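Notes for the one structure printed next.
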Amino acid sequence: MSKRLWELDALRGLMLVLMTLTHLPTRLTTPTGQPFGYVSAAEGFVLLSAFMAGMVYSRRGLRDGLRTMRKSLRERAIKVYLCQVATLVFLFTVFAALAVRREQPAATGLLSFYFEHPVMAWFSSLALIYGPPLLDILPIYVLFMAASPAILSRGLRHGWSAILTASAILWFASQFGFGNWLYEVIAQAIDLRVPLSQTGSFSIWAWQFLWIMGLWMGSTRAQGQTSMFEFPRWSVMAAVVVSVFFLTWRHYYGQAPFGADMVRNLWFEKWTLGPLRMVNLFALIIVTVEFGPWLMARLPRLRVLETLGQASLPVFCAHLVFVLLVLGTQGGDQYARPWWGDALLLAGCFGSLYAVAWVTLWRDRRRAAKGLPVRAKPASGATVPVAPVRRTSGSAARAETGVALPSAVKDAVAGVAEGTSLPSAAAPGRPAA
């Protein structure tokens with residue numbers, strides 16, 4: 222029987238814990254923000270989500286065909302969208318009422334656009350245009366999931382070079398305000414009256430690069446290609462030095478690397494994934510890939526983090542609800558409570574999040590026990606057009622369409638469920654044409 226990748230579940234759980242500590246106003250908010258350098262939990266969560274999506278749905282495409290893969294991705298995008306709608310309903314009803322009643326500046330400020338233009342806020346938020354603070358990450362997740370069927374299909378058919386190049390160009394353009402310029406052009410053309418400042422903090426044109434990278438890494442890993450995860454010794458040592466350097470810089474100078482110098486701080490900008498921030502992120506990726514397995518083999522199973530990571534979407538939404546309730550009732554002052562008050566608040570918060578995760582997984586187990594479908598069943602003889610692992614001379618250098626999967630590849634992926642163990646390094650990858 223296959224087993225889940227508990228290491229990835231634990232990592233996702235850790236990212237959720239760090240995001241909660243960052244968003245919940247306590248004494249731990251500042252020290253736990255960007256704890257590993259100038260990289261936040263948001264980057265880790267998006268990258269891990271994309272990696273899992275690329276790995277799981279590529280396997281599904283190889284096993285059941287691209288049509289089934291695309292259908293599954295669309296269903297996932299719809300599910301995430303409905304979660305966003307549910308949190309918006311809570312924000313505009315319960316939280317808005319608390320903000321008005323308690324008159325907490327942190328709460329009323331968060332909904333300033335909604336209070337001024339309630340109808341526009343409702344409809345534009347449902348259209349994923351207006352992004353209130355704290356609720357501006359799921360919309361880009363929805364858009365990325367919606368685009369993933371086409372991206373993964375092309376990656377499996379023709380390889381990833383063109384996709385990664387285009388993605389890198391868009392990230393580079395975003396550093397010079399491409400996304401802001403494009404939004405203003407479109408808004409003027411269609412008379413869209415939602416200000417750019419109300420569309421969310423995350424630049425979709427920058428963060429798509431992170432998502433595409435994750436899809437690529439997950440998809441290639443699902444096909445048994447492990448060479449991309451092997452780094453030369455010099456690059457590992459360089460990554461360690463860079464990671465330690467940025468870690469020291471972060472905790473010595475604080476979360477603003479250049480203090481009040483806003484221009485130089487753009488090199489580390491979170492919302493547009495500034496160049497030095499990406500250097501820090503790449504270094505941490507190399508360090509994690511190189512030393513992560515060694516560390517995990519020596520650590521005890523982190524069951525609590527695993528549980529949170531396995532139910533990441535419900536837990537993420539629940540953490541938003543909890544944070545909004547605290548902001549609406551107690552405000553955003555990190556030092557409004559004594560230390561024991563913060564301890565009780567954090568215990569209640571993480572206890573609630575664990576309960577949400579446990580109930581979610583319990584319901585999934587009950588559903589599986591009743592024989593209800595939890596994923597598409599493998600279709601016999603599924604075919605998928607794929608790109609070759611490496612090019613050879615003559616006609617063998619061309620990727621063909623409609624290539625039936627060799628039995629070895631089918632065996633490698635047929636029994637693998639969502640989030641289950643990876644095929645071994647010796648497993649065959651994409652068949653050469």
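Here the sequence shown stands for residues 222 to 654, where the numbers follow the working numbering. Every residue, glycine too, gets a C-beta built ideally from N, C-alpha and C. In this text the structure is predicted, and so the values were computed from the model without any measurement.
For V510, the CB contacts under 8 Å within the same chain, skipping 5 residues up- and downstream, are F450 and F452 in chain order.
In the three-state reduction of the DSSP assignment, I506 falls in the helix class. In this structure, the straight-line span from the alpha carbon of T314 to that of F344 is close to 15 Å.
Closest by C-alpha distance to F334, out of I350, R322 and R323, is I350. With 16 or more other Cβ atoms inside 10 Å of its own Cβ, G275 counts as buried.
Nearest to W428 by C-alpha distance, out of A568, N486, P326 and S270, is S270. Straight through space, the alpha carbons of V542 and V577 are spaced by roughly 12 Å.
The beta carbons of A328 and L319 sit closer together than 8 Å. Non-local C-beta neighbours of S573 in its own chain, meaning closer than 8 Å and more than five positions away in sequence, comprise A539 and F543, ordered along the chain.
Inclusion of I507 and S456 in the CB contact set at 8 Å is warranted, their separation being smaller than that value.
The stretch 399–419 makes no contact with the stretch 465–483: fewer than 3 CB pairs, one atom from each, lie closer than 8 Å.
The beta-carbon separation of A262 and V363, rounded to 19 Å, does not stay under the 8 Å limit for a contact. With 16 or more neighbouring CB atoms inside 10 Å of its own CB, Y278 falls in the buried class. By the C-beta criterion, the stretch 407–415 is judged not to be in contact with the stretch 493–506, since fewer than 3 inter-stretch pairs fall below 8 Å. In the three-state scheme derived from DSSP, where H, G and I count as helix and E and B as strand, Q409 is classed as helix.
The beta carbon of G569 sits closer than 6 Å to no other beta carbon from its chain once the five residues preceding and following it are set aside. In this chain, the alpha helix (DSSP H) harbouring E296 covers L287 to F311. The alpha-carbon of F316 is positioned some 6 Å away from that of G549.
Burial of W381 is indicated by the presence of at least 16 other C-beta atoms within 10 angstroms of its C-beta. For S261, the three-state secondary structure derived from DSSP is coil. The criterion of a C-beta distance shorter than 8 Å is satisfied by L359 and Q305. Each of Q551, L566 and P535 was checked against the Cα of V580, and the nearest Cα belongs to P535. With respect to D357, S424 sits apart: the two C-beta atoms are not nearer than 8 Å. Inside the stretch 520–547, DSSP marks whole alpha helix (DSSP H) runs of 4 or more residues at positions 524–531, from first to last along the chain.
Under the three-state reduction of DSSP, L494 is assigned to coil, being neither helix nor strand.
Going by DSSP, S388 is part of the alpha helix (DSSP H) stretching over S382 to S395. Membership of S456 in the alpha helix (DSSP H) is indicated by the continuous run R454 to Y474. The C-beta separation of V267 from W432 comes to about 6 Å, placing the pair in contact by the 8 Å criterion. Take P326, set aside five residues on each side of it, and the residues of its chain with a beta-carbon closer than 8 Å to its own are G552 and G553, in chain order.
In this structure, the CA atom of A348 is about 30 Å from the CA atom of A383. The beta carbon of W437 sits closer than 8 Å to the beta carbons of G275, G376, W381, I384 and L385 from its chain, once the five residues preceding and following it are set aside; these are given in chain order.
The count of Cβ pairs closer than 8 Å, one atom from the stretch 515–530 and one from the stretch 224–239, reaches three, so the stretches are in contact. Counting along the chain, Y575 sits inside the alpha helix (DSSP H) bounded by residues W560 to A590. Put simply, of S448, L245, G282 and R584 the residue whose alpha carbon is nearest the alpha carbon of A532 is R584.
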